[in-house]
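Asker: Take a look at the following structure, please.
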Amino acid sequence: MTSRPLTIKEACEALDRAAEALRRTGSLFRVIAHARQSGLDDMLNTLDMAEIGIHISGEVAEQTQEWADLFRPLTAKADEVAR
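The opening position of the sequence shown corresponds to residue 2 in the numbering used here, with each subsequent residue numbered one higher.
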């Protein structure tokens, strides 16, 4: 990320990426749940799948937090202007 001014478009794109990653992670966890209910957890290696989902969701959380931290000063300025 750069030190140039951030745009609302960039924030929206970051949130879009986070939402897509979380949808994919949710799908992965639904597959894991279905595999466990069907007795296929060994065949589909659900433990590795769960670790992948945990890794993805953790990365997305960190990236989204970084974007929130970048935009927080801008929202504080906007709040001051609105008063």
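Where a beta carbon is used, it is the ideal one built from N, C-alpha and C, also for glycine. Given the structure is predicted, the values throughout are model-derived calculations rather than measurements.
Look at the Cβ atom of Gln64, then the Cβ atom of Ala20, and state whether they are nearer than 9 Å.
Answerer: No, these two residues do not count as a Cβ contact at 9 Å.
Asker: Could you check if Ile55 is buried or exposed, using at least 16 other CB atoms within 10 Å of its CB as the buried criterion?
Answerer: Flag for Ile55 reads exposed.
Asker: Considering Thr8, what are the terminal residues of the alpha helix (DSSP H) in which it resides?
Answerer: Counting along the chain, Thr8 falls outside any alpha helix (DSSP H), and DSSP gives it neither H nor E.
Asker: Could you tell me the alpha carbon to alpha carbon distance between Ser39 and Asp17, rounded to whole angstroms?
Answerer: Rounded to the nearest angstrom, the two C-alpha atoms are 33 Å apart.
Asker: Could you check if Ala34 is buried or exposed, using at least 16 other CB atoms within 10 Å of its CB as the buried criterion?
Answerer: Under this definition Ala34 is an exposed residue.
Asker: Determine whether the beta carbon atoms of Ala62 and Met50 lie at a separation below 9 Å.
Answerer: No, Cβ-Cβ distance for Ala62 and Met50 is not below 9 Å.
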